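So for the sequence shown, our numbering puts the first residue at 925; every next one is plus one.
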Amino acid sequence: MPQSNLNINVIASAKTELHQQLIRLGDMIGDGLHLEPDGKWIAKEYVKVARALGFRPKRANHTAQINAVMLKRVADVPCGQCGLVLKQTKSGSKRAVCANGHKWQLLK
């Protein structure tokens, strides 16, 4: 058996196993087991398997655009409580904080 056919068969069987796992996890979610105190792993695993199969797209990264808009917004708006300059809390965040620790949501 050629190597390429072997790889295709392995990939197909792995995909079949992932589909079966997705079905089992979906049944568990349908039964409400993910709502149990120790059932949070079910929903997380379901999302992981769905992404692996290509059903859920990966989250887009908009950090650069958010940072550019926040740079302008922070320059325009002072702190609403003390009037000090605001600073973005971390890269990609839509929150700002002043030197006194007052936090503000500047973008939605």
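Heads up, the beta-carbon is just placed ideally off N, CA and C, and yes, glycines get one too.
The structure presented is a predicted model; accordingly, all values stated were derived computationally and were not measured.
Going by beta carbon distance, what residues of the same chain come within less than 6 Å of M925, once the five residues before and after it are set aside? At M925 the pLDDT is 46, less than 50, meaning the model places this residue with poor confidence and gives no usable figure here.
By the DSSP assignment, the alpha helix (DSSP H) with K996 in it spans what residues?
Bounds of the alpha helix (DSSP H) holding K996 are 987–1000.
Report yes if the CB atom of L1031 is closer than 8 Å to the CB atom of V993, and no otherwise. It is a contact, given that the beta carbons lie within the stated cut-off.
Helix, strand or coil at A938 according to DSSP, with G and I counted as helix: It is helical.
**OP:** Kindly indicate which three-state DSSP category R1019 falls into: helix, strand or coil?
**Re:** If DSSP states are grouped into helix, strand and coil, R1019 belongs with the strands.
Practice problem: Go to K1027, then tell me how far its beta strand (DSSP E) extends in each direction, as first and last residue. | Solution: Counting along the chain, K1027 sits inside the beta strand (DSSP E) bounded by residues 1027–1029.
| request: State yes or no: is the C-beta of I932 within less than 8 Å of the C-beta of I953? | output: Result no, Cβ atoms of I932 and I953 do not sit closer than 8 Å.
(message) Among K1014, D1000, S1015, whose alpha-carbon lies nearest the alpha-carbon of L1008?
(response) Looking at the Cα atoms, D1000 is the closest of the given residues.
Report the rounded CA-to-CA distance for V1021 versus L957, giving the unit in angstroms.
-> Cα to Cα, the separation comes out at about 40 Å.
Anticipated Cβ contact below 8 Å, G1016 with N991, distance rounded:
The distance from the Cβ of G1016 to that of N991 is about 7 Å, consistent with a contact at the 8 Å cut-off.
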